[in-house]
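Residues in the sequence shown are numbered from 1 upward in steps of one, following full-length UniProt numbering. Ideal Cβ placement from N, Cα and C applies to all residues, glycine included. Structure record follows, encoded as structure tokens.
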Amino acid sequence: MKEPVFSKATLGRLPIYLDYLRTGDHGENISAAEISRALGLGDVQVRKDLNAVCGTGKPKIGYKTTELIAALEAVLGRKAATPVVIVGAGKLGKALLDFDGFDEYGIKISAAFDVDKSLLCDRILPMDNFTNYCRLYDIHAGIITVPAACAEEVCDIMVKSGITAIWNFAPTVLNVPENITVCQENLALSLAHLTMKLRK
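Written as structure tokens, this is what we have:
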């Protein structure tokens, strides 16, 4: 069975539903309407989100609360977080390494790697160890936070190490095989779009 693909907006709401369901006594069953009222969200949107997570609720009954919590935890990876590594332990890399918001989405930054030996510590490891680390801990997702000139080389190392999903912060387009997924993040461009709206 093909897993559902969630939009960024939906993924942003799922942790809100889960946190709400975990707090307080909601009884054996709970409806999308009840959740929407409590959270101030649209009833249709909540129902659509929950249907994507665990199917349609029963008429006049809703969803079994425990089953809905379990389904949300499974989607968000709360029971088994996905390990991710970072290459580039500069200011941005360190900020991502220390950011605890990834936990909400079942993601754990397990380590960062860098060639600068002065940066090495418990969670920042030498780049020479990268491939062995990824294979040892079965890691398939990586974040690139190195300068553009180094990004392609880092990408090649990631691919050879078994990484199949890359979040790239370097301002350059990566050349990857068809089976590799790359999410390109351009912070400057995002800010430029925002400031352009101020001028309108």
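Reduced DSSP category for Gly40 - H, G, I as helix; E, B as strand; rest coil: Within the sequence shown, residue 40 is the residue found at index 40, counting from 1. Gly40 falls in the coil class under three-state DSSP.
Alpha-carbon to alpha-carbon, Lys58 and Leu187: If you number the sequence shown from 1, residue 187 lands on position 187. If you number the sequence shown from 1, residue 58 lands on position 58. The straight-line gap from Cα to Cα measures roughly 44 Å.
Residue span of the beta strand (DSSP E) that contains Pro83, given as start and end: Here residue 83 is taken as the residue at index 83 of the sequence shown, counted from 1. 82-87 is the extent of the beta strand (DSSP E) around Pro83.
Integer Cβ distance of Val84 from Ile143, believed to fall under 8 Å: Within the sequence shown, residue 84 is the residue found at index 84, counting from 1. Within the sequence shown, residue 143 is the residue found at index 143, counting from 1. About 6 Å separates the two Cβ atoms, so the contact holds.
Which listed residue (Leu21, Leu72, Thr56) has its alpha carbon closest to that of Phe6: Walking along the sequence shown from the start, residue 6 turns up at place 6. With distances taken between Cα atoms, Phe6 lies closest to Leu72.
Ala111 beta carbon less than 8 Å from that of Leu125: Indexing the sequence shown from 1 puts residue 125 at position 125. Indexing the sequence shown from 1 puts residue 111 at position 111. Result yes, Cβ atoms of Leu125 and Ala111 sit closer than 8 Å.
Within 8 Å, strictly: CB atoms of Pro177 and Glu104: The sequence position of residue 177 within the sequence shown is 177, counting from 1. The sequence position of residue 104 within the sequence shown is 104, counting from 1. Against a cut-off of 8 Å, the Cβ pair of Glu104 and Pro177 comes out as no contact.
Beta-carbon contacts of Lys108 that lie in its chain and below 8 Å, excluding the five residues immediately before and after: To locate residue 108, count along the sequence shown from 1; it is residue 108. Excluding positions up to five away in sequence, the list reads Ala81, Thr82, Pro83, Val84, Phe102.
Whole-number beta carbon distance between Glu152 and Asn175, since they are thought to touch under 8 Å: As a working mapping, residue 175 is identified with position 175 in the sequence shown. As a working mapping, residue 152 is identified with position 152 in the sequence shown. Sure, about 7 Å apart at Cβ, within 8 Å.
Backbone secondary structure at residue 219 - three-state DSSP: Past the edges of the chain, shown from 1 to 200, lies residue 219, and the structure says nothing about it.
Collapsed DSSP secondary structure at Pro74 in the structure displayed: The count along the sequence shown starts at 1 and reaches residue 74 at position 74. Inspection of the sequence shows that residue 74 is occupied by Ala rather than by Pro. Assignment of Ala74 by DSSP, reduced to helix, strand and coil, places it in the helix class.
8 Å contact criterion, which His26 and Thr56 should meet: CB distance rounded: As a first step, residue 26 must be located in the sequence shown, where it is residue number 26. As a first step, residue 56 must be located in the sequence shown, where it is residue number 56. So it is not a contact: roughly 19 Å between Cβ atoms.
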